[in-house]
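Protein chains: 2
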Amino acid sequence: AGVTVLALGLSQACSETVQAAEKSDISTQSVSAFDAQMTALAASIDARMLTDVPVPVPADAGGGYTHEQHKQNGKTIYEAGMLYQHTGDEKYKNFARDILLDYAELYPTLGLHPEHKPSTAGQLFWQGLNEAVWLVYVIQGYETFRDDLSPQAREKIETGVLNPMADFLSIGSPQTFDRIHNHGTWAAAAVGMTGYVLGQQERVEKSLLGLSQDGEAGFLKQMDMLFSPDGYYAEGPYYQRYAMMPFVLFSQAIEKNEPERKIFEYRDGIVLKAIRATVQQSYAGKFFPINDAIREKGLNTVELKYGLAVAYDLTNDPTLLGAVQLQDGSVVPTPEGRKLLDDIAAGKAKPFEFKSLELRDGRNGDEGALMVLRSGPESDASAVVMKATTQGLGHGHFDKLGLLYYDNASEVVADYGAVRFLNVEAKFGGRYLPENDSYGKQTIAHNTLVVDEKSHYDGDWRESQKFSPDVLKFGNINGVQVAAAEVDTAYEGVNLQRVVAMVPREDGIAPYVIDILRGQSGDGHVYDLPVHYKGQLIETNFPLEHETTQMNVFGKANGYQHLWQRAVSPELEGQQDMSWLIGDKFYTMTFAVDGPYKAYLTELGANDPNHNFRKEQALILRTEADNAGFVSVYESHGRYDNDEEVTVFDGSSVEQISTDKLETATAYTVSMKNGDVVTIYLADDTQADQTHKISHKNKQVEWSGAVHVTQ
Amino acid sequence: AGVTVLALGLSQACSETVQAAEKSDISTQSVSAFDAQMTALAASIDARMLTDVPVPVPADAGGGYTHEQHKQNGKTIYEAGMLYQHTGDEKYKNFARDILLDYAELYPTLGLHPEHKPSTAGQLFWQGLNEAVWLVYVIQGYETFRDDLSPQAREKIETGVLNPMADFLSIGSPQTFDRIHNHGTWAAAAVGMTGYVLGQQERVEKSLLGLSQDGEAGFLKQMDMLFSPDGYYAEGPYYQRYAMMPFVLFSQAIEKNEPERKIFEYRDGIVLKAIRATVQQSYAGKFFPINDAIREKGLNTVELKYGLAVAYDLTNDPTLLGAVQLQDGSVVPTPEGRKLLDDIAAGKAKPFEFKSLELRDGRNGDEGALMVLRSGPESDASAVVMKATTQGLGHGHFDKLGLLYYDNASEVVADYGAVRFLNVEAKFGGRYLPENDSYGKQTIAHNTLVVDEKSHYDGDWRESQKFSPDVLKFGNINGVQVAAAEVDTAYEGVNLQRVVAMVPREDGIAPYVIDILRGQSGDGHVYDLPVHYKGQLIETNFPLEHETTQMNVFGKANGYQHLWQRAVSPELEGQQDMSWLIGDKFYTMTFAVDGPYKAYLTELGANDPNHNFRKEQALILRTEADNAGFVSVYESHGRYDNDEEVTVFDGSSVEQISTDKLETATAYTVSMKNGDVVTIYLADDTQADQTHKISHKNKQVEWSGAVHVTQ
Ligand SMILES: [Zn+2]
Ligand SMILES: [Zn+2]
């Protein structure tokens, strides 16, 4: 009766789908992977239909009973809708309708949630964010059966819950709705998607342009502000995956309803860029665990499943199917999900290409970058990550120029990630543990330079957020991949510089990685370089005195208080190495430090009265000087195969590491035992347009910019 | 020229195979998995053919250059032979022939190896064992092309190396050849298989019956003595896998050449029993790491690949194909290997059925047993292992009644295995590390009772070897799987008893495991129960005081000197619990101890100056009393799913653990929160024929034997 229905994002008319399913049944005997998955989903919903679905009066905050029940109900409505769309079976429509009718009774009786967060209150949930997520799920389910409801049921559901909730999330919560922030994106998506389904264009406009519809807030502004031009999200991939979800779903709804907006071309295709950038920020299926990341998170997350389904539906890029093949086999229960599995079955997939890439940070791309070097396009080729980004707001870690090193599908030199057991009630309610602040965020927990046992920016994230490192170089120089950056604000009066180079070796052998890290200052400092290596220590070529009957804490504060001092070397000079075993490969780090230094082995776990840490270990190189330079060469080698009983351990292949102070630069030369030589020049003046002309080892070397490499 | 050729074990006439291959090429377009594997092998041998194959004068002991080169040459001859048999290509025959001709030059010039082990010397290798293994490989390769050699080449090879080596290994090394020991089996197999190929029946007879051919030594005697009637090998599965190899290969040769011996029926089919028993002693692909085991070893080992190929060829048992499917996909390069892959491709495989089983130890089966309880036939169903076997000779560990607990494809309560990095030169030449004796073998490194901080039998394996535990019960009682044993010789004046019960729960939920362990003595003792749990501690329901700034060593000797004391509880009474996380599941151990006790958390790594240990942890329950009883209930529960962001942590489902001393038995009752109750009765008099009639909780309970269960 005069109701305009706009097609929403993830759904299509049911009859089409059913016909398609019937047709496919005729042409092939076997059940498609997608049908099998939907059958499993149907079994789970069928089981839920056997008992009453509680719609309780809101009482609990996050994690509590009413919170979890409402979350599950939202998902149930969504899934029942997808099943109705897939099968055409009325029972799914009726099941979802009845739950929604209960909500239509409950919602009008609610005020603010009794445990509401004052700044971002909800009614059904303690915070508005959960309410927006709930509506995003529910409206997608509702769209699949809205046309097939009686007018009375439709009226009751929309008057009772959908409209008042959309009102609450927009005009009722202006401080969130108009905020340029992830929570605002969820609210915009919820309200805008509701607008499309209920035929309320004004909701759509407000969602796109802000409550006052002037474009100073709303979804488009969020697209402008929340990602860098390369699709990097300032908080890092763990949060990026979550932030991406409302962008993906609302964009898809816009595309279906108002294709003339060309939303997927907006800002040079920022949504698709962000989806691809998220995949790129993973290794062997897991996201780089920078900032407050849960390390288990990776490509299998539901947000990325939506992202890939939508991106493939738009682009038909076969390498996105390759990314899906790196997931766990299940897809989202939508026509776009079906398309993924059908096209994979039809042999259309091509491998997703992981790349060396610089993901610039900042809305204008001028606030540092996350730099990734890879030895090949596989998800488990050797990879090095340098974090030269902004702090990443309140969830950021103090790890300027921090390094991660991966090889052979394993972490080799790693970041602890967040000190947290997600949703484990017994562990501080599943929230971030106190040790996340006292250790996880601190600089010593990372693979970067620590000065005077303090964290970067003295551990003040708001201070850190004002600055970002300068990228000195990203790219290929004479066959060597290079990433370099510097920052002079992390410590007062100290400039930190890092150059990481990935040097190819013969076919079939992983590249080696040269890492130059230096701190320069006029005054004396203690410089610590922690290397959080994984695996089992095999040998060091320098002596170590191990604590045998008593272990003491390594330091007093800024994360040091959580380290046991396991071993210490005598004073060392020049080049040393250490080897360890991870899985079936050995790793050797050969290193040299300007001036005398000591090596410590530490173990995590001191001052941990609640047993909140995993067991981790580190090598810490310590030198005291005005300026300190650390040159390290990482390599993987050998084989530890217990089935074949073959062990090959080659040890360091580095002949010599030498440092030459030249006229306008310093030359770092790594000579390998096989005769290969690589020299990295780091200019004193790091400006990009500065040209250099230096005589070194009887050769003239010329370049412009901060870094040069010869081999 | 009058040479009788007997068909040997793993080979068939080449022409037959080639014909079969051609036929299969016609019928199917795609390359079979076996052909693909042989093509890869051919590529590796083709590469080796491009350079000279060194046949150096023996100089080095195990691990050194000449040792490794000769080992590799033996394998090359074998593989070239298999390729010749598979392809019919003369180049493989010629390649192997030329290497053998070099050996025919070298071998006659050799005396004892310059680094020979006095007791078991070799000529080509430092120990005779390696020489026997070399000949076992080489004679199989040689058999494939012997008929196609020129008479001159044949004569030279047999006179120069095969006959003198077989002589050296038999009449030249009587102390090994006639010894009832794994080394003797290898020698018998090498000499006997050579006898078949060269048509020398006397060699065969000596191999089967000993040098004097009276049956007091030789292969048949070894079959009588080295396995228990259930196919258990006294040193445990890690060594069993290795010991099995010559039994399998020589038996196969006997079967092919003299089927009338019915060698595979010998001793009730002991060889096939041993093969199956080896598979049964694994969990999720890895062998139970009891005794001096390298933990990485499992079903993928080459010995088991031969075992399964031969066993399937004989029996066509489709569940053996299921065992092959648990391996890594590659098979031995023989017709029997081909048959495995072809039959798997033809859909003939059925899942291998893992079983609850008692593997009796001792040649007569009366020296204790390894007892395995499983919740289902899958390789990763819940499993509990109780080690109530003999010591296991010099490689045995002092772990009488030791327990392992597995679930969800993970170790939950584990054994350290051997302290060793196999073949890693930097780690003590790859040999057993000193910490294997000082910790790995000690009782505190295991999940069993330690009395007065000493190891069983005071750590004297020869003393331990004289005794074995008594199995009190193995089987099903009223729906509960039970394993029980006792031993009263491990400590003077102390009787140790253990009852382990696996109690099923509803469908789809892992069973819980009740573990009763008690020590009984007239005198006061300190009783320690270590529980070497894996994963991350989540919570304890009792307080623990953690060391925060200094950790001290837990004890002084017998392995205790390697433990850091991480935390200690106040004095506890009654029932307590502890929960931890492994992968995506939680585990809770609910326990009660007779009388007051303390709980300690320890970490491995004290007195480890060379960093030889992995990081491991334990809970240790300690009580001081004349008699001590520990009752523990293990259960797996919940879910920790970071992709779906679902965490379910249920904690202990045990309402109460109670102990009632009755007239002739003790009753241990576990009451679950859901109302389920299980009572385990352990009789004071553990004799099997003793009958009991007891009134307990107003019910009459009657049974005979040591253990009874009601629920
Ligand atoms: Zn971090
Ligand atoms: Zn052991």
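Chains as they are written, first to last, in this note's numbering: chain P, 287 to 997; chain A, 287 to 997. All residues carry an ideal CB built from backbone N, CA and C; glycine is no exception. The structure displayed is predicted, hence computed values, not measured ones.
Practice item. Give every residue of the same chain whose Cβ lies closer than 7 angstroms to the Cβ of A/Thr775, excluding the five residues on either side of it in the sequence, and list them in chain order. Key: Taking the first residue of the second sequence as position 1, residue 775 of chain A is located at position 489. Excluding sequence neighbours, A/Thr775 sits near Phe753.
Review point. When the Cα of P/Val879 is compared with those of P/Leu867, P/Asp870, P/Ile906, P/Thr888, which residue comes out closest?
Key: Here residue 879 of chain P is taken as the residue at index 593 of the first sequence, counted from 1. Among P/Leu867, P/Asp870, P/Ile906, P/Thr888, the Cα nearest to that of P/Val879 belongs to P/Ile906.
Review point. Does the beta carbon of P/Gln677 come closer than 8 angstroms to any beta carbon on chain A?
Key: Here the question's residue 677 of chain P lines up with position 391 in the first sequence. Output row for P/Gln677: interface = no.
Review point. Based on Cα-Cα distance, which residue from P/Gln613, P/Ala796, P/Arg649 lies nearest to P/Asn694?
Key: Your numbering for residue 694 of chain P matches position 408 in the first sequence. Of the candidates P/Gln613, P/Ala796, P/Arg649, the one whose C-alpha sits nearest the C-alpha of P/Asn694 is P/Ala796.
Check your understanding: Taking Cβ positions, are A/Pro450 and A/Tyr393 nearer each other than 8 angstroms?
Key -> Your numbering for residue 450 of chain A matches position 164 in the second sequence. Your numbering for residue 393 of chain A matches position 107 in the second sequence. Yes, the Cβ-Cβ distance between A/Pro450 and A/Tyr393 is below 8 angstroms.
Point to revise | N-terminal and C-terminal residue of the alpha helix (DSSP H) that A/Phe533 is part of | key: If you number the second sequence from 1, residue 533 of chain A lands on position 247. 523-543 is the span of the alpha helix (DSSP H), which, as asked, contains A/Phe533.
Review point. The region 820-839 of chain A: which residues have C-beta closer than 7 angstroms to a C-beta of chain P, in chain order?
Key: Gln822, Leu823, Ile824, Glu825, His832, Thr834, Thr835, Gln836, Met837, Asn838, Val839
Point to revise | For A/Glu365, three-class secondary structure by DSSP | key: Counting from one through the second sequence, the residue named residue 365 of chain A turns up at place 79. Looking at A/Glu365 - three-state DSSP - the assignment turns out to be helix.
Point to revise | Exposed unless 16 or more other CB atoms sit within 10 angstroms - verdict on A/Lys686 | key: As a working note, residue 686 of chain A is residue 400 in the second sequence. With 16 or more other Cβ atoms within 10 Å, it is buried.
Review point. So, are the CB atoms of A/His683 and A/Asn577 less than 8 angstroms apart?
Key: Within the second sequence, numbered from 1, the residue matching residue 683 of chain A stands at position 397. Within the second sequence, numbered from 1, the residue matching residue 577 of chain A stands at position 291. Result yes, Cβ atoms of A/His683 and A/Asn577 sit closer than 8 angstroms.
Check your understanding: Between A/Gly915 and A/Asn650, what straight-line distance do the alpha-carbon atoms span, to the nearest angstrom?
Key -> Mapped onto the second sequence, residue 915 of chain A falls at position 629. Mapped onto the second sequence, residue 650 of chain A falls at position 364. Between A/Gly915 and A/Asn650, the C-alpha separation is close to 32 angstroms.
Check your understanding: Which chain A residues sit within Cβ distance under 8 angstroms of P/Val710?
Key -> In the first sequence, counting from the first residue as 1, residue 710 of chain P sits at position 424. Near P/Val710 (Cβ distances below 8 angstroms), the residues of chain A are Ile824, Leu867, Tyr926, Thr933, Phe935.
Exercise for review: Check each candidate in P/Val596, P/Gly584, P/Glu589, P/Pro532 and name the one with the smallest Cα separation from P/Leu558.
Suggested key: Taking the first sequence and counting its residues from 1, the one referred to as residue 558 of chain P is at position 272. The candidate whose alpha carbon is nearest that of P/Leu558 is P/Val596.
**Study point:** Reduced DSSP category for A/Ile906 - H, G, I as helix; E, B as strand; rest coil
**Key:** As a first step, residue 906 of chain A is located in the second sequence; it is residue number 620 there, counting from the start. Three-state result, A/Ile906: strand.
Practice item. Tell me where the beta strand (DSSP E) around A/Gln973 begins and ends. Key: In the second sequence, the residue the question calls residue 973 of chain A occupies position 687. Unbroken run through A/Gln973: none, as it is neither H nor E.
Review point. By a C-beta neighbour count over all protein chains shown, 10 Å radius and 16 as the cutoff for buried, is P/Glu457 buried or exposed?
Key: Your numbering for residue 457 of chain P matches position 171 in the first sequence. Reading off the sequence shown, one finds Ile at residue 457 of chain P, where the question assumed Glu. Answer is exposed; the Cβ neighbour count stays below 16.
Practice item. Find the residues of chain C that neighbour P/Pro344, judging by a C-beta separation of less than 7 angstroms, and give them in chain order. Key: The chain labelled as chain C is not found among the protein chains of the depicted structure, namely P and A.
Check your understanding: Anyone know if the C-beta pair for P/Val987 and P/Asn764 falls short of 8 angstroms?
Key -> Residue numbering aside, residue 987 of chain P sits at position 701 when the first sequence is read from its first letter. Residue numbering aside, residue 764 of chain P sits at position 478 when the first sequence is read from its first letter. Taking 8 angstroms as the Cβ cut-off, P/Val987 and P/Asn764 do not qualify as a contacting pair.
**Study point:** Candidates A/Ser616, A/Ser865, A/Glu639, of which the one nearest A/Asp628 by Cα
**Key:** Within the second sequence, the letter at position 342 stands for residue 628 of chain A. The candidate whose alpha carbon is nearest that of A/Asp628 is A/Ser616.
Review point. Roughly how many angstroms separate the alpha carbons of P/Val993 and P/Val917, rounded to a whole number?
Key: Against the first sequence, residue 993 of chain P aligns to sequence position 707. Against the first sequence, residue 917 of chain P aligns to sequence position 631. Cα to Cα, P/Val993 sits roughly 15 angstroms from P/Val917.
Point to revise | Top-ranked residue by Cα proximity to P/Gly522, from P/Arg581, P/Glu721, P/Ala418, P/Ser855 | key: On the first sequence, position 236 is the one that residue 522 of chain P refers to. If we check each option's Cα against that of P/Gly522, P/Arg581 comes out closest.
Review point. Taking the alpha carbon of A/Met657 as the point to measure from, which residue in A/Phe877, A/Leu606, A/Gly688 has its own alpha carbon closest?
Key: What you label residue 657 of chain A is simply residue 371 of the second sequence in a count that begins at 1. It is A/Gly688.
Point to revise | A/Tyr883 and A/Thr909 closer than 8 angstroms at C-beta | key: For this step, residue 883 of chain A is matched to residue 597 along the second sequence. For this step, residue 909 of chain A is matched to residue 623 along the second sequence. Contact: yes.
Point to revise | Classification of A/Pro755 by the beta-carbon crowding that lies within 10 angstroms, buried from 16 upward | key: Residue numbering aside, residue 755 of chain A sits at position 469 when the second sequence is read from its first letter. When all chains shown are included, A/Pro755 counts as buried.
Exercise for review: Could you work out which residues of chain A lie near P/Lys884, taking near to mean beta carbons separated by less than 8 angstroms?
Suggested key: The count along the first sequence starts at 1 and reaches residue 884 of chain P at position 598. The premise fails here: P/Lys884 is roughly 17 angstroms from chain A at the closest Cβ pair, so nothing lies under 8 angstroms.
Review point. Comparing alpha-carbon positions, which option in P/Lys442, P/Gln538, P/Pro437, P/Tyr525 lies nearest P/Met479?
Key: Against the first sequence, residue 479 of chain P aligns to sequence position 193. The option with the nearest alpha carbon to P/Met479 is P/Gln538.
Check your understanding: Which runs of the beta strand (DSSP E) spanning at least 3 residues fall entirely within the region 626-660 of chain P, listed in chain order?
Key -> 643-646, 655-660
Practice item. Ignore the nearest five residues each way along the sequence and tell me which others in P/Val249's own chain have a CB closer than 6 angstroms to its CB. Key: Since the displayed chain P opens at 287 and closes at 997, residue 249 of chain P lies outside it and no answer follows.
Point to revise | In DSSP terms, what P/Gly915 is bridged to | key: Residue numbering aside, residue 915 of chain P sits at position 629 when the first sequence is read from its first letter. Its beta-bridge partners are P/Arg804.
Practice item. May I ask you to report which of helix, strand or coil DSSP gives A/Ile576? Key: One-based indexing of the second sequence puts residue 576 of chain A at position 290. Three-state result, A/Ile576: coil.
Review point. For ligand 1, any of its heavy atoms closer than 7 angstroms to the Cβ of P/Asn577?
Key: For the purposes of this step, residue 577 of chain P is taken as residue 291 along the first sequence, with counting starting at 1. At least one heavy atom of ligand 1 is nearer than 7 angstroms to the Cβ of P/Asn577, so yes.
Review point. For P/Phe513, which of helix, strand or coil comes out of DSSP?
Key: Along the first sequence, read from residue 1 onward, the residue named residue 513 of chain P stands at position 227. Strand, per DSSP.
Point to revise | Proximity test, Cβ basis, 8 angstroms: A/Pro895 and chain P | key: The residue you call residue 895 of chain A lines up with position 609 of the second sequence. So, interface residue.
**Study point:** Euclidean distance between Cα positions of A/Pro532 and A/Gly924
**Key:** As a position in the second sequence, residue 532 of chain A is number 246, starting the count at 1. As a position in the second sequence, residue 924 of chain A is number 638, starting the count at 1. About 46 angstroms.
Point to revise | Neighbouring residues, chain A, relative to P/Ile966 (Cβ below 8 angstroms) | key: The residue given as residue 966 of chain P occupies position 680 in the first sequence. Ordered by position in chain A, no residue passes the 8 angstroms Cβ test against P/Ile966, which lies about 30 angstroms from the chain.
Review point. Alpha carbon to alpha carbon, what distance is there between A/Pro400 and A/Ala667?
Key: Counting from one through the second sequence, the residue named residue 667 of chain A turns up at place 381. Counting from one through the second sequence, the residue named residue 400 of chain A turns up at place 114. Each residue's alpha carbon lies about 51 angstroms from the other.
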